[in-house]
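Using our numbering, you'd call the opening residue of the sequence shown number 675 and step up by one each time.
Worksheet for the structure shown next.
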Amino acid sequence: MNDTFHELPIPRTELALAALRFARGIEDRAIFNHSMRSYLYARFLGEREGLRPGRDYDDELLFLGCVLHDAGLSDQGNGEQSFDLDGADLAAAFLTEHGLAPEKAEIVWDAIALHLYPGIAGRKRPEIALVTAGSGFDLGPVGPHTLPAGYADRVHAVLPRLHAAAVLKDTIVGQALDKPHKAPPFTMPGELLRQKTQVTWPTWEQLMAQSPSWRDYDGYRSNT
Numbered sequence: 675m676n677d678t679f680h681e682l683p684i685p686r687t688e689l690a691l692a693a694l695r696f697a698r699g700i701e702d703r704a705i706f707n708h709s710m711r712s713y714l715y716a717r718f719l720g721e722r723e724g725l726r727p728g729r730d731y732d733d734e735l736l737f738l739g740c741v742l743h744d745a746g747l748s749d750q751g752n753g754e755q756s757f758d759l760d761g762a763d764l765a766a767a768f769l770t771e772h773g774l775a776p777e778k779a780e781i782v783w784d785a786i787a788l789h790l791y792p793g794i795a796g797r798k799r800p801e802i803a804l805v806t807a808g809s810g811f812d813l814g815p816v817g818p819h820t821l822p823a824g825y826a827d828r829v830h831a832v833l834p835r836l837h838a839a840a841v842l843k844d845t846i847v848g849q850a851l852d853k854p855h856k857a858p859p860f861t862m863p864g865e866l867l868r869q870k871t872q873v874t875w876p877t878w879e880q881l882m883a884q885s886p887s888w889r890d891y892d893g894y895r896s897n898t
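What follows is the structure, given as structure tokens:
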């Protein structure tokens with residue numbers, strides 16, 4: 675492994691390092707750095723909640739979920755679903771091929787597939803909840819916890835931001851411009867696409883009218 679990361683407190687298992695190399699090989703550097711920072715912040719947030727690796731959660735699974743959580747934003751991961759699901763599928767396939775037990779690969783799949791939905795992920799097991807918490811914290815620290823003085827500077831010295839938020843948005847939108855079905859209305863990718871194109875979303879009634887056989891609005895008068 676590149677000595678650039680030798681001081682980072684990451685798992686050094688064969689699978690963790692293979693996943694690191696895989697993510698670094700397919701992702702834009704800004705996105706890869708974001709994924710690595712997500713793990714460091716996930717660990718930090720877990721500690722602040724009294725969670726300890728090896729006791730309360732599987733640290734290797736947390737790292738795998740973090741380092742691969744945006745694999746769907748790579749050319750290799752750019753399939754026909756929203757990027758979170760594409761990434762979850764690619765990650766699970768990679769990990770299974772490298773010998774991870776199916777039940778553990780499913781935990782990583784859930785962590786990646788749910789990382790855009792903090793209200794759901796936050797109610798799941800720590801390996802899932804902390805992927806969402808760490809990745810969100812890297813893009814905009816919120817909540818009761820603040821980093822120790824100088825901590826972010828030390829992280830950024832090894833994993834520079836490289837305009838992470840801007841690169842993430844442009845990559846999500848770029849995929850969606852090419853394949854609009856990857857960004858359905860009212861999802862996060864869909865909203866970023868709407869902001870870019872200024873398209874008008876259909877109303878609820880218009881969406882329901884796409885299934886005219888049910889005719890739920892025929893003769894209906896709303897009380898609200």
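We put the CB at the ideal spot given by N, CA and C, even for glycine.
Which class does residue i belong to by DSSP, given the choice of helix, strand or coil?
i	result
TYR731	strand
GLN849	helix
ILE684	coil
MET675	At MET675 the pLDDT is 48, less than 50, meaning the model places this residue with poor confidence; the figure from the coordinates comes in the next sentence. Coil at MET675, not helix or strand.
GLY796	coil
TRP878	helix
GLU865	helix
ALA840	helix
HIS819	coil
SER885	coil
ASN897	coil
PRO858	coil
GLU723	coil
ASP890	coil
VAL873	coil
TYR825	helix
LEU790	coil
LEU833	coil
GLY814	coil
Against chain D, does residue i count as a neighbour if the rule is that its beta carbon must be under 8 Å from one of theirs?
i	result
ASP733	Within the model displayed, chain D is absent; a lone protein chain is all it includes.
Of the residues the options, which one's Cα is nearest the Cα of residue i?
i	options	result
ARG722	LEU881, ALA807 and LEU790	ALA807
ASP733	VAL816, LEU689, ILE705 and ASP758	LEU689
LEU851	GLY796, ASN752, ILE781 and PHE706	ASN752
ARG717	VAL805, VAL841, GLN849 and ASP892	VAL805
MET862	ARG828, TYR791, LEU836 and VAL873	TYR791
ILE846	VAL816, GLY761 and ASN897	GLY761
LEU836	PHE679, SER709 and ALA693	SER709
LEU735	PHE757, ASN707, GLU754 and LEU769	LEU769
GLY817	PRO683, ARG711 and LEU719	LEU719
ARG828	ALA840, ARG711 and LEU691	ARG711
What's the call for residue i, buried or exposed, on a 16-neighbour Cβ count within 10 Å?
i	result
ARG889	exposed
ARG915	Beyond the ends of the chain as shown, which are 675 and 898, falls residue 915; an answer cannot be given.
PRO685	buried
GLY814	exposed
GLN880	exposed
TRP875	exposed
PRO800	buried
PHE811	buried
PHE860	exposed
ASP892	exposed
GLN849	buried
TYR894	exposed
TYR731	buried
Exercise for review: Could you tell me whether the stretch 684-701 touches the stretch 743-761, where touching means 3 or more Cβ pairs closer than 8 Å?
Suggested key: yes
Check your understanding: Which whole runs of the alpha helix (DSSP H) in the stretch 742-775 are 4 residues long or more, in chain order?
Key -> 757-771
Check your understanding: Can we say the stretch 772-780 touches the stretch 724-731, given the rule of at least three CB pairs closer than 8 Å?
Key -> no
Practice item. Would you be able to state if there are at least three C-beta pairs under 8 Å between the stretch 780-789 and the stretch 754-769? Key: yes
Check your understanding: What residue ranges within the stretch 683-718 form continuous alpha helix (DSSP H) runs of no fewer than 4 residues, ordered along the chain?
Key -> 688-700
**Study point:** At least three beta-carbon pairs within less than 8 Å, the stretch 853-873 to the stretch 814-832
**Key:** no
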